[in-house]
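Below is one structure; the comments refer to it alone.
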Amino acid sequence: MVQLRKLAAAVALATAGAMSAGAAHAQISGGVVKIGVMNDMSSLYADIGGPGSVEAARMAVEDFMKTSKAKLKVEIVSADHQNKPDVGSNIARQWYDVDGVDAIADVPTSSVALAVNQVTRDKGKAFLVTGAASSDLTGKACSPNTVHWLYDTWMLANGTGSAIVKTGGDTWFFLTADYAFGHALERDTAEVVKKNGGKVLGQVRHPLNTQDFSSFLLQAQASKAKIIGLANAGGDTINSIKQAAEFGIVKGGQNLAGLLVFITDVHGLGLNTAQGLILTEAWYWDLNDASRAWAKRFAPKNGGKYPSMDHAGVYSAVLHYLKAVEAINSDDGTKVIAQMKKMPTDDPLFGKGRVRADGRKLHDVYLFEVKKPAESKGPYDYYKVRATIPAEQAFRPEKDGGCSLVK
Amino acid sequence: MPEIFGIPSAALFGQLLIGLINGSFYALLSLGLAVIFGLLNIINFTHGAQYMIGAFCAYLLFNKLGLGYWWSLAIAPVAVGATGVVIERTMLKPLYKLDHLYGLLLTFGLALIIEGLFRNQYGSSGQPYPIPQELTGGHNLGFMFLPTYRGWVIFASLVVCFGTWFVIEKTKLGAYLRAATENPHLVQAFGINVPRMITLTYGFGVGLAALAGVMAAPIYQVSPQMGSSLIIVVFAVVVIGGMGSIMGSILTGFGLGVIEGLTKVFYPEASNTVIFIIMAIVLLFKPAGLFGTQR
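Now the structure itself:
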């Protein structure tokens, strides 16, 4: 009887051993780390991320391979979510269930990002958000499978909003894109305005991808607010600013606050219209030697267009993701994200930083002012730095977000 | 200040005027569509792309050749109209005898290709185009600040719309055109070159789209998707006005612009759906549209 028990134990041990050995071989699912870059490839946000983000991800893989000893096989795929949450979550499901994708990167348009955030959590994969802004991604919608890499609505509100209130812009009217992102940006900015002693006089919600803003601008004009806060992005911001100039809003004594302005928007507007705008971004190509070198490498791959902060964010997030995969030799989404939070971040574009328990990546951000045409040396020489906001102050304190992962 | 439904009446007048301005674009574009559909029976989904090419044409003339707005206003419609003639001769002609659906698919495909090519070249953020020097600034009307350029847009589009209506409904050339669509064989028997007339009509419709594009360039960003965001609305305008009805498309264009403008005040969230709600209601009660006749 004792003999039999010993035998059974031995068999059990051997089986367990064999299983764990098998698992060690299969830790990279399908033998390849597959990263899906999903964003708006064809509409108003396509210049911010678009095909450029795919190039940025490829550059991250290239640079990772140069230093990595693990000999990982990495593949990049991409898709267009058309700014529609249903399209985005369908692609995410298809990628995770059928195509063996391990992580999704970029995903601008907060409504889509929130949908993909949920799908990723259900499937236990990894989500590297750089394009979307809603601070809910590290707040009430935070997930052990998501890292919010680049920027968020709280950071934008805190950077641009408080800078403007402090220089006398204490009454606000919001022009808000009518979806998750616009609502979050308006909410976070309104809080900052009120906290600094300002007042919000009203707001109007416009549909995403609107051509004509004159009607909304007229309402903003009638509000007599000193500051018209643009809680929108991309093509919507460009058209708002352009048409505000036409309707003499700035000449009439009201000022515009672009709460989310990318360098591609400034390029589209031209410096004549955009000069003097104050904006907050997490990255600009002309910050230092490393960023300049990266931009010079990137531009030819992107049809001569210089990188936006989103492109830099995708590069940096994918790089850190791959380092984490290498460190634990696994592409299990939940484990990799945990590892990404454990390891300090370090890359040529954002320097040293870290990822918090709620998924928020911390780095310095910058308050920029758009140059006058005379100050600019040519295309893409657009910003001067007004202030650097240190990483620990730039983002919402961890305890204030209401994220369930923070104890 | 007197109020109407809780909105100061001054603000309401402003919104009405802005509605008229947007309506002028709807009218110009739906007019071209109506002419093309009425005389060729082609549902021209390339119209939005042709409007966009018109705007890019102005942009390129300005930046490459230094030719300003007024030159563009003359050159762009002719140049883009000429490409329309080529498209009609080479691609649309074989489709006249087939179902509408074939023309729709072809023109829709063309629109996607053209937009893709422009996006590849110029990116999605678009390009800036300055307001012509003569039309900068604006006037304070008391109830609103009217930029001079927007005033010009209303004026120009009214002239073009009613000019077109007049030519088609009241002149001999228009009579030929209408006769040719009614019974091409009979008209041809009188010695009139019907195919050439149809080709030129398509070219003219496309030219109208390009003209609208040039007029839009200083207001909106010159971007590859500027047409696709407009074309669906414009189609709704044509359907409400009655497919092929010229006066119908002009009046509905202006009228819907105003209704959309008012929606932006009372319930802005619905401003991009209101036109489709109206379309559904009109189709329920008058399937041929407000001014259309059952074919």
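These protein sequence lines map, in sequence, to chains A and B.
If you read the first sequence in my numbering, its first letter stands for residue 24, the second for the next number, and so on.
If you read the second sequence in my numbering, its first letter stands for residue 1144, the second for the next number, and so on.
Backbone N, C-alpha and C fix where the C-beta goes; we use that ideal spot for every residue, glycine too.
Quiz item: How about residue 389 (chain A) and residue 329 (chain A): do their beta carbons lie closer than 8 Å?
Solution: no
Self-check item: Short Cβ contact (8 Å threshold) for residue 283 (chain A) with residue 160 (chain A)
Solution: no
Quiz item: With distances taken from CA atoms, which of A:426, A:377, A:176 is nearest residue 254 (chain A)?
Solution: A:176
Exercise. Assign residue 1381 (chain B) to buried or exposed, taking buried as 16 or more other Cβ atoms, counted over all protein chains shown, within 10 Å of its Cβ.
Key: buried
Practice problem: Could you check how far apart the C-beta atoms of residue 1173 (chain B) and residue 1377 (chain B) are, in whole angstroms? I think they sit under 8 Å. | Solution: 5 Å
Quiz item: Is there at least one Cβ from chain B nearer than 8 Å to residue 421 (chain A)'s Cβ?
Solution: no
Quiz item: What's the gap between the Cα of residue 396 (chain A) and the Cα of residue 298 (chain A)?
Solution: 7 Å
Quiz prompt | Extent of the continuous beta strand (DSSP E) run through residue 200 (chain A) | solution = 194-200
Exercise. Kindly provide the ranges of any alpha helix (DSSP H) runs that are 4 or more residues long and lie completely inside the region 285-327 of chain A, ordered along the chain.
Key: The DSSP assignment places 286-292, 294-297, 312-321 as complete runs of the alpha helix (DSSP H) inside the region 285-327 of chain A, in order along the chain (cut-off: 4 residues).
Quiz item: Which residues in chain A sit within 7 Å of residue 1169 (chain B), going by Cβ to Cβ distance?
Solution: Residues of chain A passing the Cβ test: none, with the nearest at roughly 11 Å.
Quiz item: Are the beta-carbon atoms belonging to residue 171 (chain A) and residue 198 (chain A) less than 8 Å from one another?
Solution: At a Cβ-Cβ threshold of 8 Å, residue 171 (chain A) and residue 198 (chain A) do not count as neighbours.
Quiz prompt | Cα-Cα separation between residue 1161 (chain B) and residue 238 (chain A), rounded to whole angstroms | solution = 7 Å
Quiz item: Rounded to a whole number of angstroms, what is the C-alpha to C-alpha distance between residue 1273 (chain B) and residue 1164 (chain B)?
Solution: Answer to the nearest angstrom: the Cα atoms are 19 Å apart.
Practice problem: Report yes if the CB atom of residue 59 (chain A) is closer than 8 Å to the CB atom of residue 127 (chain A), and no otherwise. | Solution: Closer than 8 Å, so yes.
Quiz item: Going along chain B, which residues have a C-beta under 8 Å from residue 290 (chain A)?
Solution: Chain B residues near residue 290 (chain A): 1268.
Practice problem: Could you tell me the distance, in whole angstroms, from the CA atom of residue 349 (chain A) to the CA atom of residue 363 (chain A)? | Solution: 11 Å
Quiz item: Which same chain residues, not among the five before or five after residue 1455 (chain B), have their C-beta less than 7 Å away from its C-beta?
Solution: Here chain B comprises residues numbered 1144 to 1438, so residue 1455 (chain B) is not present and cannot be evaluated.
Exercise. Leaving aside the five residues before and after residue 1422 (chain B) along the sequence, list all residues of the same chain whose C-beta is less than 8 Å from its C-beta, in chain order.
Key: Cβ neighbours of residue 1422 (chain B) beyond the five flanking positions: 1379, 1382, 1383.
Quiz item: Is residue 118 (chain A) buried or exposed, if buried means 16 or more other CB atoms sit within 10 Å of its CB?
Solution: By the 10 Å Cβ count, residue 118 (chain A) comes out buried.
Quiz item: In its own chain, which residues sit with a C-beta less than 6 Å from the C-beta of residue 1181 (chain B), not counting the 5 before and 5 after it?
Solution: Same-chain partners within the cutoff: 1387.
Exercise. Could you tell me the distance, in whole angstroms, from the CA atom of residue 383 (chain A) to the CA atom of residue 94 (chain A)?
Key: 29 Å
Quiz prompt | Coil, strand or helix - residue 1245 (chain B) by DSSP | solution = Three-state result, residue 1245 (chain B): helix.
Quiz prompt | Within chain A, partners of residue 1412 (chain B) - CB distance below 9 Å | solution = 201, 228, 229, 230
Exercise. Determine the burial state of residue 1298 (chain B): buried for a count of at least 16 other Cβ atoms within 10 Å of its Cβ, exposed for fewer.
Key: exposed
Exercise. Mind listing the chain B neighbours of residue 209 (chain A)? Cutoff is C-beta to C-beta under 8 Å, in chain order.
Key: Near residue 209 (chain A) there are no residues of chain B at all, since even the closest Cβ is about 14 Å away, more than 8 Å.
Quiz item: Would a check of beta-carbon distances place residue 1441 (chain B) closer than 8 Å to chain A?
Solution: No answer is possible for residue 1441 (chain B): it lies beyond the span of chain B, which begins at 1144 and ends at 1438.
Quiz item: Is the beta carbon of residue 1227 (chain B) less than 8 Å from the beta carbon of residue 1317 (chain B)?
Solution: no
Quiz item: So, are the CB atoms of residue 265 (chain A) and residue 296 (chain A) less than 8 Å apart?
Solution: yes
Practice problem: Let me know the secondary structure DSSP gives residue 379 (chain A) once reduced to three states. | Solution: For residue 379 (chain A), the secondary structure class from DSSP, reduced to helix, strand or coil, is coil.
Exercise. Tell whether a beta-carbon distance below 8 Å holds between residue 1353 (chain B) and residue 1194 (chain B).
Key: Contact annotation: residue 1353 (chain B) and residue 1194 (chain B) have beta-carbon atoms nearer than 8 Å.
Practice problem: Out of A:150, A:149, A:345, A:221, point me to the one whose CA is closest to residue 91 (chain A)'s CA. | Solution: The shortest CA-to-CA distance from residue 91 (chain A) to any of A:150, A:149, A:345, A:221 is the one to A:345.
Quiz item: Of the residues A:65, A:82, A:180, A:301, which one's Cα is nearest the Cα of residue 320 (chain A)?
Solution: A:82
Exercise. Please go through the same chain and pick out, in chain order, the residues whose beta-carbon is closer than 6 Å to the beta-carbon of residue 313 (chain A), but skip the five residues on each side of it.
Key: 371
Practice problem: For the region 1191-1208 of chain B and the region 1410-1420 of chain B, state whether three or more C-beta atom pairs, one from each stretch, are separated by less than 8 Å. | Solution: Three or more Cβ pairs closer than 8 Å define a contact, and the region 1191-1208 of chain B falls short of that threshold against the region 1410-1420 of chain B.
Practice problem: Please list the partners that residue 1415 (chain B) has in chain A, where partner means a Cβ-to-Cβ separation under 8 Å. | Solution: 230, 233
Exercise. On the DSSP bridge assignment, give the partners of residue 81 (chain A) in chain order.
Key: Residue 81 (chain A) pairs with nothing; no bridge assigned.
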